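For reference, the structure is listed below as structure tokens.
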Amino acid sequence: MTRCWMPVGALLLAALSPAVSAQEGEKFDCVIAAVPADKKEMLGAVMGGAGDQATQEALFKELATITDGCVARFGITDEQKGHYFDYSLARISREWLAVDIATFNLAPGVVDRALDFGPAGVNPDLSSDMSEEQIMKIVQAYVEAGVDIEKVDTAVWEKVGAYAAATSIYWNKRKLLPF
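Here it is in structure tokens:
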């Protein structure tokens, strides 16, 4: 099983920008490091559309407890706590979705470039809905990358959209955290 994921992990590392895969500091990493791998997978899957509301709520409660521990450990303010939770959830989701869509030969970096995500990017707010223009930018970027978009299943496109939304939240919430 581990052998199967090694190429996917290598693809993910190659696809993500160096700034994202670089060490992000203890405060940014605290929640991520404390969440067990199986819970990260479950959170990613839920944010990608799997599971029911009860499962989602239970996972969010667990994540909130872990977040509270990191908030206390690093003296993160009450004002920043919500942004910190959202950042952590988005980061976990983004990382899981990046691996997931890469298994369908869709590089997540294509979405990042198409929508200008990154530390110096525009980072459009996709917390509600994507515009038709943004969707078309992603589709066109995959066409230019050689993807036969007609062969991509609707469920996979939904995961690409979830990846874009998680990436938007990730970068925008990160900007609100001054550490």
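The C-terminal residue of the sequence shown carries number 182 in my numbering, and the numbering is unbroken.
Even for Gly, the Cβ is constructed at its ideal location relative to N, Cα and C.
All of these numbers come straight from a predicted model, not from anything done at the bench.
Going by C-alpha to C-alpha distance, which of the options sits closest to residue i?
i: Thr58; options: Ile69, Leu118, Thr70, Glu44; result: Glu44
i: Tyr87; options: Ala67, Trp99, Glu98, Ala105; result: Ala67
i: Tyr145; options: Lys30, Arg97, Leu109; result: Leu109
i: Ile141; options: Gly124, Ser131, Val163; result: Val163
i: Ala105; options: Gly72, Val155, Gly54, Ala123; result: Val155
i: Arg97; options: Gln83, Thr170, Ala48; result: Thr170
For residue i, report the span of its alpha helix (DSSP H) as first-last.
i: Asp134; result: According to the sequence provided, residue 134 is Ser. The question's Asp does not apply to it. That residue, Ser134, is in no alpha helix (DSSP H); it is neither H nor E in DSSP.
i: Leu92; result: 81-105
i: Val114; result: 111-117
i: Val159; result: 157-178
i: Glu60; result: 56-77
i: Ala148; result: Counting along the chain, Ala148 falls outside any alpha helix (DSSP H), and DSSP gives it neither H nor E.
i: Asp128; result: From DSSP, Asp128 is part of no alpha helix (DSSP H); its letter is neither H nor E.
Whole angstroms is fine: what's the gap from residue i's alpha carbon to residue j's?
i: Ser134; j: Gln143; result: 14 Å
i: Phe31; j: Gly121; result: 16 Å
i: Ala148; j: Val113; result: 8 Å
i: Phe63; j: Ile69; result: 10 Å
i: Ala22; j: Asn126; result: Because the pLDDT of Ala22 is 40, which lies under 50, any placement of that residue in the model is unreliable, and the number read from its coordinates should be weighed accordingly. Going by the C-alpha atoms only, they are around 14 Å apart.
i: Met50; j: Asp151; result: 26 Å
i: Leu179; j: Glu153; result: 38 Å
i: Trp174; j: Trp99; result: 16 Å
i: Leu118; j: Trp160; result: 15 Å
i: Ser131; j: Leu46; result: 19 Å
i: Ala168; j: Leu129; result: 5 Å
i: Asp81; j: Gln137; result: 34 Å
i: Gly2; j: Glu65; result: This structure leaves residue 2 out entirely; the chain is present only between 4 and 182.
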